[in-house]
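Asker: The following block contains the structure, expressed as structure tokens.
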Amino acid sequence: MSNPQQLRFSKEHEWLSAVDADGVATVGITEFAANALGDVVYAQLPAVGDTVTAGESCGELESTKSVSDLYSPVTGEVTAANQDVVDDPALVNSAPFEGGWLFKVKITDEPGDLMSADEYTAFAG
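In structure tokens, the structure reads:
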């Protein structure tokens, strides 16, 4: 398992991209989480305009094994949801760090406990 160095990670196994010039970052789940879930068959993502709160549930991912809550790693307003994942949830498994991203958020607050790639790799085992 390799975690991209430019991302930051939550203890709930979500990743967060670097913030762009507009204060927007992309959120997805890690390869570790995708593998633990098994084949993702359904994704319920937050809607554009929704407010998400760091550490709180904002959607669901359903796999052949279970249903898991999706947690936001930051607080802010959702600016995009990945319709490709809604249409083809298997993208979460096949490309968790690329086409399998889940939503974009304009950050208003970021917790201080997000981990670097190396810290997350040690945390996830």
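Quick note: the sequence shown uses the numbering used here, first residue 1202, plus one each step. A virtual CB, placed ideally from N, CA and C, is assigned to each residue, including glycine. Note that the coordinates shown come from a computational prediction; the quantities given were computed from them, not determined experimentally.
According to DSSP, is alanine 1237 part of a helix, a strand, or is it coil?
Answerer: helix
Asker: For the ligand MN, is there any heavy atom lying closer than 7 Å to the beta carbon of aspartate 1285?
Answerer: The ligand MN is not part of the structure shown, which contains no ligands of any sort.
Asker: For alanine 1255, which three-state DSSP category applies?
Answerer: strand
Asker: Quick test of your reading: leucine 1315 and phenylalanine 1233, contact by CB under 8 Å. State the CB separation rounded to the nearest angstrom.
Answerer: Not really, about 15 Å apart at Cβ, beyond 8 Å.
Asker: Does the Cβ of serine 1269 have 16 or more other Cβ atoms within 10 Å, making it buried, or fewer, making it exposed?
Answerer: With 16 or more other Cβ atoms within 10 Å, it is buried.
Asker: What do you get for valine 1306, buried or exposed, if any count of 16 or more other CB atoms within 10 angstroms of its CB means buried?
Answerer: buried
Asker: Can you pull the DSSP bridge partners for glutamine 1245?
Answerer: Looking at the DSSP assignment, glutamine 1245 forms a beta bridge with Glu1261.
Asker: Could you compute how far the alpha carbon of aspartate 1285 sits from the alpha carbon of glycine 1301?
Answerer: 8 Å
Asker: Specify the secondary structure class of threonine 1322 as computed by DSSP and reduced to three states.
Answerer: helix
Asker: Taking the beta strand (DSSP E) that leucine 1271 belongs to, which residues open and close that run?
Answerer: 1268-1272
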